[in-house]
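See structure below.
Protein chains in written order, with our numbering: chain A, 300 to 671; chain B, 573 to 837.
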């Protein structure tokens, strides 16, 4: 819909502008001297101006069909000039009919000699006015685009900020922290070496997630190393209930990903695949490239007896929002729920970064058990 | 089990204790710390909520230390099913449950926080011993149950992934997919599973809130139907009738028919 038609006040102001144009046309017409009175001239111009005021609104769609920055100059000129000529000629035809009608019915017309003058005036004025309308509409369009862009930017920023906040809160997941501290406490008496290892792992995890969270992009290698530390800590807690299998294509490690995007998937998998299951299970972490798309999958066992999850949960929803802000067309999260397995797959454009400096220890080995 | 000083206090006056935690390390740690108390005799360690219920039924401990977060049935849920003269004193163990611990304070329930601290545990053990001397386990269990059923507490409980039911003198966990129908009859709530009907310790209203959202639908005042167990449904003489896979026919009440149709669509 035309933006002008969205408010009564806008239409009123627009028509007020055209009243001025109408007065100008009437004065010019009076100057041509074919009419006897100003009233007669006004009888001709007023209805015609009103009609043209609405014809000129068509410029909105013409402008939208010919975006200034993306249309080749020749096509732009042809499109705009064509529209102006069509509109003004239509106006001339309506003007001719109206002129004849006024002459025959009310004897207000300029007579056969004046007709040509009237119509020439209409055509020239029609071209100029339509041209002005086009310019005006391009301004409106630019203004609307700017506002839209600003709105979208704001939305993206809000989503990113939310994600950051949530990631921060996840790092400080109190359950994870207090349970880990309890494990350290438990190890301290029987296995001081194990307790020291666990302190190191927990410290590494916290430090890494803080430093990754502040960056725009991190390599998949760094993100997976973080997951590895997290899983190592959880393995101390859950013991043999938590097993991890990794299938990482080496070529994927250099790809850049937003930080802490995979971490929620891992935490989700540990919660549903291990913490919520008496027998625990094996997590499968996969990364591969398909053409120019990077795919990261996290899979966990689920109870076949448990009812299917409804909705994807807050954590995964946030991952989805962040992907949408990243690249709405190519980045997405897919969730596959089978009776026995739950699988979340991230797809995003594969962008190779320059190799990060001294590479951090990639994956922590599975089954790390520090028990004496 | 860790070594424990055997002298001090005759076996008769020592309290029999049971612990339940799904994390092996946490279990060992609690075992070790409790082992330092001569007043207690550790008789069992459960790795899940269901096992805790089993062990409590068979071992009849005087006190149970229940971790709140367990995979199959939370410690809160376990505690809710303890009743009668055999019911143990319950101490909850949790890493972080802001709301639950607030509710415990209000109801004066005993709880300890992870990481476990020796002094706090010692204090708890002293309280438990004093409590045990007071006797009246049935009244204590009833008070605990009422505290857990208070609205503030109930809203903090996570959805039931399995349905605890009474089976002989024990509590059994049913998979929700096995339960097509839960209904009330003569003021008792019963769950149907295969050909049996089991006694359920929740009201239908509680179950409506506690079962996973969308899994069960209340078709009339006295029945909850498992959405996945419905084979077909349709109107018969203006009454909405649900046919379940096991052959049961359930009529929806006029008042709930519209809601039931909406949920099944």
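C-beta atoms are modelled at their ideal positions from N, C-alpha and C, and glycine is treated no differently.
If you're wondering where the values come from, they're calculated on a predicted model, not measured in any experiment.
Query                                                                                                                                                                                         : Result
One question on the structure: do residue 594 of chain A and residue 543 of chain A come within less than 8 Å of each other, judged by their Cβ atoms?                                        : no
State the DSSP-derived secondary structure class of residue 745 of chain B, mapped to helix, strand or coil.                                                                                  : strand
List, in chain order, every chain B residue whose beta-carbon is nearer than 9 Å to that of residue 537 of chain A.                                                                           : 594, 595, 596 and 597
According to DSSP, is residue 815 of chain B helix, strand or coil?                                                                                                                           : strand
Measuring only the C-alpha atoms, how far is residue 501 of chain A from residue 484 of chain A?                                                                                              : 13 Å
By the three-class DSSP mapping on this structure, what secondary structure does residue 640 of chain A have?                                                                                 : strand
Measure from the C-beta of residue 391 of chain A to each C-beta in chain B and report whether the shortest distance is under 8 Å.                                                            : no
Between A:475, A:533, A:641 and A:602, which lies nearest to residue 747 of chain B when the distance is taken from Cα to Cα?                                                                 : A:602
Which word fits residue 438 of chain A, buried or exposed, when buried means at least 16 other C-beta atoms lie within 10 angstroms of its C-beta?                                            : exposed
Just to confirm, are residue 626 of chain A and residue 648 of chain A a CB contact at a threshold of 8 Å?                                                                                    : yes
For residue 714 of chain B, which option in B:786, B:761, B:661 and B:733 has the closest C-alpha, if you only look at C-alpha atoms?                                                         : B:661
Residue 598 of chain A and residue 641 of chain A: beta carbons closer than 8 Å?                                                                                                              : yes
For chain B, is any of its Cβ atoms less than 8 Å away from the one on residue 577 of chain A?                                                                                                : yes
With distances taken between CB atoms, is the gap from residue 605 of chain B to residue 665 of chain B smaller than 8 Å?                                                                     : no
Starting from residue 639 of chain B, trace the beta strand (DSSP E) in both directions and tell me its first and last residue.                                                               : 635-639
Quick check: what's the CA-CA separation for residue 516 of chain A versus residue 557 of chain A?                                                                                            : 5 Å
Using a Cβ-based criterion (distance less than 7 Å to any ligand heavy atom), does residue 767 of chain B qualify as near the ligand MG?                                                      : In the structure on display, the ligand MG does not appear, and there are no ligands present to speak of.
So residue 432 of chain A contacts chain B; which residues on that side make the cut at Cβ distance below 7 Å?                                                                                : The contacting residues do not exist; residue 432 of chain A stays about 51 Å from chain B at best.
Should residue 305 of chain A be flagged as near chain B, meaning a C-beta pair shorter than 8 Å?                                                                                             : no
Specify whether the region 583-601 of chain B and the region 618-627 of chain B touch according to this definition: at least 3 beta carbon pairs, one from each stretch, less than 8 Å apart. : yes
Using the beta-carbon of each residue, which ones in chain B are nearer than 7 Å to residue 488 of chain A?                                                                                   : 604
For residue 310 of chain A, which of helix, strand or coil comes out of DSSP?                                                                                                                 : helix
Do you know offhand how far residue 801 of chain B's Cα is from residue 823 of chain B's?                                                                                                     : 15 Å
In chain B, which residues lie less than 7 Å from residue 474 of chain A when you measure between Cβ atoms?                                                                                   : 667 and 668
Measuring CA to CA, which of A:337, A:482, A:444 and A:425 is closest to residue 366 of chain A?                                                                                              : A:444
Could you check what DSSP says for residue 493 of chain A in three-state terms: helix, strand or coil?                                                                                        : helix
Please list, in chain order, the residues of the region 672-697 of chain B that have any C-beta partner in chain C closer than 9 Å.                                                           : Looking at the structure shown, chain C is missing, and the protein chains on hand are A and B.
Does residue 480 of chain A get closer than 8 Å to chain B when you measure Cβ to Cβ?                                                                                                         : yes
Identify the residues that DSSP records as bridge partners of residue 684 of chain A: which are they?                                                                                         : Only positions 300 to 671 of chain A appear in the structure, and residue 684 of chain A is not among them; the question remains open.
Compare the C-beta of residue 620 of chain B against all C-beta atoms of chain A and say whether one is closer than 8 Å.                                                                      : yes
Less than 8 Å between CB atoms is the rule here; does residue 504 of chain A satisfy it with respect to chain B?                                                                              : no
Rounded to whole angstroms, what's the CA-CA distance from residue 434 of chain A to residue 448 of chain A? Just pull it up for me.                                                          : 21 Å
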